[in-house]
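K.L.:
Below are the structure tokens for one structure; questions will follow.
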Ligand code: SF4
Ligand code: SF4
Ligand code: SF4
Ligand code: FES
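Structure (structure tokens):
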């Protein structure tokens, strides 16, 4: 997020939620959005193919067809420019590429955008007016924007809109991705990505590489590594032979589970470090029992870049051990076996068992944005949003205040392209995926929480009343969803949350996970995010047997 | 009688505000102490900021003030009758006495009325020691009334909700749950039905919570000053003096709510018995969602993995036979790559059988295999998935492990999924 949760929910005059089911996925932000609307009268615009809960209280609800966000955003920008509602001063001082944007959005008249998105032209006009009249507006988005073949282009379109309105670098504004898991932000920050070292220092940059080679005392690879989806492809082809998976369950959370399953079967050696015998565990060669969040010390970074302390409350069960202990033991053994020979003279070459605070010292030394984040400051209760370049820096709650990271903010005009997988005669519906309030991700934790399971014991597929009637499906009936890749069976929830032609499914329950149907083939070319939000499917009554 | 009492008192003590001059930072006198407060502040806020205590029940700093309970009454010179400090704004030159004889007598009367319709159940009550009513009764030395009047007998725990236990017998009709739901959660599940003595807290149209559209966030429980609403998962698991609190961060979503884990530590590894938000939690305050507040029991699930498991084919056959023989390793099950292992299965060991081994063995198997594969096929034949559920420090080590020791950038996690 460019801004903090507090300034969005307390200072924005409008909130534009697109591709985020906030009240179910980020519930405490969701309740603050509701509060901003109800208590403060902030205007709320919700754009989502599903009539999510927030849509019920929105000043304006836009129901775009899945995968048409760019056309919608370009249409709104078209109206803003046509009416001269853009922030000319901000654009002149802080941005470049405005002409390119103008040329592109000129083509997206409300009528053209309406044709593509299914949102009435009048609503597109109304959205533009609401945003023009209520500044600053905060834009919130989540996987509904990113999990598309055009995920990066979608994000650019969001940024274009906010720059056009002058809504960046100010309290109550910003482009605010809501990050999913509790430390997905931190895992990225710490270099758990194939192209960057900690703090987003590129592995392809000779300076960055030299810095880490000097710190760690070894030569490092200059090749960008594989992303999750590419790893499974490589494993299937025998190019990746050893897979080491920590606290993830690709056998529910990754697209095209049959493919993942096949890849795991092909892999020579799979190590899994987990709390539970997950669906993925059945494919592991070695399973290492790990400690849960309540059993260890450390820090995590939330969606607003705030670093916070995690503290040990109970002992792990049996012989389960903290992940840091396990990886350190393995590292010591690899060095002893001569698999790597770090130069002992390098300052951070060795792998002693260290408390979390001492690991943070290494992070401080090597990660400029975390340089000033120390346990001493965290324990003293300082609110630290990275970047915190040194120990006396107060942190950066709002990004891009005076300038953008690259100097001028660049408008990158983007065009609508249809989703990769479109419905056809055999697979006439579009399935979109997501989560529900009572469950979490692959469900490894939430299915083992008794109360959560009691309220939401099995997967439900949302089906529109029109489609249900056409197919003779009643509420609660068992249905089968079939895509080009697989089939699942679950109960139908007949609801107008989804429009005719759209169904919604989750991946919280392994057997009924939507990911048996999704595709890992259609990736965003830059971010390699799979197009999970649009899959062509066929819906049948279960038991009809015409598979 | 609580409902009637409150209504009656409110009418009896109906206030007439004296006109005071408006100034941006009015100065007033509370118990003889000069206090400067921002305009618009209530007497209660001004007093608390100055370290002067005024008791309250229906007030909570996160919620709007309704002036329902009259615990906070104070004497304001030149004003007729007692004033509720939680709703009366400060004014220039005000002279306030927080513990005048009248105020104290009224508070005692309020408490007596509340007790007259309250079960004498502190012995077994979940919130014993953490109950605002109990604390005030203690402070004002109110004795349990010799009971004469009518008393409610509501069914205890009438709602099958898996997270929230309701005991209306302990409800003092302060309305904090109603406002917490409306103002924090921004749902409107709770309300008061009927009037006078019949006044009753109801969900929706007197429905079970879930049917009324409740989102199971537990905000109402968090703001209840008594044991009328309580967290079901924590019933009988330990009261305030029996637990220690550990401040940490919720393990579910990226909002980063801070939570207090209430831990019972009598022997064993310790057990989380309750989760609460915290007034000073920067993102969330006392608020949490259903997963953060009630989704913690996976930590103690009997399904947790407790020993390293290695498939038999990676173990030395002689050592395997010997260790299984002397019970240091155990046969977990003969799982092929498609099936979960069957615990305690007694069949002969196949190459794919999971064996529970000691840590040294498991770590040696992994390290030797990774070293051999790196030597034979290069670092890029290794790939690692780090975890969005692990800490920063752990993820830093995972990335360092892959890059420094396995010489590959094949590291990712499920950020995209
Ligand atoms: S649990 Fe939450 S939604 Fe349900 S009644 Fe209480 S405050 Fe309202
Ligand atoms: S349930 Fe608790 S918070 Fe609600 S009115 Fe009764 S005593 Fe007050
Ligand atoms: S309590 Fe709910 S909203 Fe807060 S971090 Fe946990 S899952 Fe997210
Ligand atoms: S606390 Fe002021 S009336 Fe209840």
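Residue numbers (my numbering), protein chains in the order written: chain A, 1 to 547; chain B, 1001 to 1417. The C-beta atom is built at its ideal place from N, Cα and C for all residues, glycine as well.
DSSP puts residue 1166(B) in a beta bridge; with which residues?
P.N.:
DSSP lists 1229(B) as partners of residue 1166(B).
K.L.:
Are there any heavy atoms of ligand 1 lying less than 7 Å away from the beta-carbon of residue 1220(B), as far as the coordinates show?
P.N.:
Yes, ligand 1 has a heavy atom inside 7 Å of this Cβ.
K.L.:
At which residue ranges does the stretch 1352-1399 of chain B contain complete beta strand (DSSP E) runs of 3 or more residues, listed in the order of the chain?
P.N.:
If we require 3 residues or more, the beta strand (DSSP E) runs fully inside the stretch 1352-1399 of chain B come out as 1354-1356 and 1382-1385.
K.L.:
State the start and end residues of the unbroken alpha helix (DSSP H) segment that holds residue 1325(B).
P.N.:
Start and end: 1317-1325.
K.L.:
Taking the C-alpha atoms as reference points, what is the distance between residue 59(A) and residue 34(A)?
P.N.:
Roughly 12 Å separates the two Cα atoms.
K.L.:
Relative to chain A, which residues along the stretch 1376-1397 of chain B have a C-beta separation below 8 Å, given in chain order?
P.N.:
Those residues of the stretch 1376-1397 of chain B that come within reach of chain A (Cβ to Cβ, closer than 8 Å) are 1377, 1379, 1380, 1381, 1382, 1383, 1384, 1385, 1386, 1387, 1388, 1389, 1390, 1391, 1392, 1393, 1394, 1395, 1396 and 1397.
K.L.:
Rounded to whole angstroms, what's the CA-CA distance from residue 1385(B) to residue 529(A)? Just pull it up for me.
P.N.:
Each residue's Cα considered, the two are about 15 Å apart.
K.L.:
In whole angstroms, what is the alpha-carbon distance linking residue 370(A) and residue 359(A)?
P.N.:
Using only the alpha carbons, I get a separation of about 12 Å.
K.L.:
Can you name the start and end residues of the beta strand (DSSP E) that residue 475(A) belongs to?
P.N.:
Element bounds for residue 475(A): n/a, residue is neither H nor E.
K.L.:
With 16 as the cutoff for other CB atoms within 10 Å, does residue 422(A) come out buried or exposed?
P.N.:
The residue in question, residue 422(A), is exposed, as its Cβ has fewer than 16 Cβ neighbours within 10 Å.
K.L.:
Return yes when at least one heavy atom of ligand 4 lies under 7 Å from the C-beta of residue 117(A), else no.
P.N.:
No, ligand 4 has no heavy atom inside 7 Å of this Cβ.
K.L.:
Under 8 Å between C-beta atoms, does residue 320(A) make it to chain B?
P.N.:
Yes, residue 320(A) lies at the interface with chain B (some Cβ there is under 8 Å from its Cβ).
K.L.:
What separation, rounded to the nearest whole angstrom, lies between the Cα atoms of residue 122(A) and residue 437(A)?
P.N.:
So the alpha carbons of these two residues sit roughly 33 Å apart.
K.L.:
Please confirm if the stretch 332-340 of chain A is in contact with the stretch 401-410 of chain A, defined as three or more CB-CB distances below 8 Å between the two stretches.
P.N.:
With the cut-off at 8 Å, the stretch 332-340 of chain A and the stretch 401-410 of chain A do not touch.
K.L.:
With a Cβ-Cβ cutoff of 8 Å, do residue 534(A) and residue 432(A) count as a contact?
P.N.:
Taking 8 Å as the Cβ cut-off, residue 534(A) and residue 432(A) qualify as a contacting pair.
K.L.:
Which residues in chain A have a C-beta closer than 8 Å to the C-beta of residue 1294(B)? List them in chain order.
P.N.:
Within 8 Å Cβ-Cβ: 449, 451 and 452.
K.L.:
Go ahead and pull the three-state DSSP assignment for residue 93(A).
P.N.:
In this structure, residue 93(A) counts as helix in the three-state DSSP scheme.
K.L.:
Closer than 7 Å to a non-hydrogen atom of ligand 4 - does that hold for the CB of residue 1057(B)?
P.N.:
Because some heavy atom of ligand 4 lies under 7 Å away, the Cβ of residue 1057(B) counts as near it: yes.
K.L.:
Check the Cβ of residue 1038(B) against every Cβ in chain A and list those closer than 8 Å, keeping chain order.
P.N.:
Here the premise fails: no neighbours, minimum Cβ distance about 18 Å.
K.L.:
Could you give the DSSP three-state label for residue 1207(B): helix, strand or coil?
P.N.:
Here residue 1207(B) sits in coil by DSSP.
K.L.:
In three-state DSSP terms, what is residue 99(A)?
P.N.:
Three-state DSSP puts residue 99(A) in a helix.
K.L.:
Does DSSP put residue 1098(B) in a helix, a strand or coil?
P.N.:
Looking at residue 1098(B) - three-state DSSP - the assignment turns out to be coil, as it is neither helix nor strand.
K.L.:
Please list the partners that residue 360(A) has in chain B, where partner means a Cβ-to-Cβ separation under 8 Å.
P.N.:
Per Cβ cutoff of 8 Å: 1392 and 1393.
K.L.:
Going by beta-carbon coordinates alone, are residue 1028(B) and residue 1072(B) separated by less than 8 Å?
P.N.:
No, Cβ-Cβ distance for residue 1028(B) and residue 1072(B) is not below 8 Å.
K.L.:
Verify whether the separation of the beta carbon atoms of residue 29(A) and residue 171(A) is less than 8 Å.
P.N.:
Their beta carbons are not under 8 Å apart, which means residue 29(A) does not touch residue 171(A) by this criterion.
K.L.:
Given a cut-off of 8 Å on the beta-carbon distance, is the pair residue 280(A) and residue 513(A) in contact?
P.N.:
Result no, Cβ atoms of residue 280(A) and residue 513(A) do not sit closer than 8 Å.
K.L.:
Where in the stretch 304-370 of chain A do unbroken runs of the beta strand (DSSP E), each at least 3 residues long, occur, reported from the N-terminal end onward?
P.N.:
If we require 3 residues or more, the beta strand (DSSP E) runs fully inside the stretch 304-370 of chain A come out as 307-310.
K.L.:
Scan the stretch 1241-1264 of chain B for residues whose Cβ lies nearer than 8 Å to a Cβ of chain A and list them as they occur along the chain.
P.N.:
Listed by position, the residues of the stretch 1241-1264 of chain B near chain A (Cβ gap below 8 Å) are 1246, 1247, 1248, 1249, 1250, 1251, 1252, 1253, 1254, 1255, 1256, 1257, 1258, 1261 and 1263.
K.L.:
Starting from the N-terminal end, write out each residue whose C-beta falls within a distance shorter than 5 Å of any non-hydrogen atom of ligand 3.
P.N.:
This selection yields 27(A), 28(A), 1250(B), 1252(B), 1253(B), 1255(B), 1257(B), 1288(B), 1289(B), 1291(B) and 1292(B).
K.L.:
Taking residue 373(A) as the reference, which of 329(A), 401(A) and 394(A) has the closest Cα?
P.N.:
The shortest Cα separation from residue 373(A) among 329(A), 401(A) and 394(A) belongs to 394(A).
K.L.:
Report whether the distance from the Cβ of residue 1286(B) to the nearest heavy atom of ligand 1 is below 7 Å.
P.N.:
Every heavy atom of ligand 1 is 7 Å or more from the Cβ of residue 1286(B), so no.
K.L.:
Taking residue 474(A) as the reference, which of 483(A), 463(A), 482(A) and 481(A) has the closest Cα?
P.N.:
Checked all of 483(A), 463(A), 482(A) and 481(A); the closest Cα to residue 474(A) is 463(A).
K.L.:
For ligand 6, is there any heavy atom lying closer than 7 Å to the beta carbon of residue 1115(B)?
P.N.:
Absent from the structure shown: ligand 6. Ligands present: ligand 1, ligand 2, ligand 3 and ligand 4.
K.L.:
With respect to the alpha helix (DSSP H) encompassing residue 1(A), which residues constitute its N-terminal and C-terminal limits?
P.N.:
Neither: residue 1(A) is in no alpha helix (DSSP H) and is coded neither H nor E.
K.L.:
Taking the C-alpha atoms as reference points, what is the distance between residue 5(A) and residue 1284(B)?
P.N.:
Looking at the two C-alpha atoms, the distance is approximately 10 Å.
K.L.:
Report the rounded CA-to-CA distance for residue 105(A) versus residue 540(A), giving the unit in angstroms.
P.N.:
Taking the straight line from one Cα to the other gives about 41 Å.
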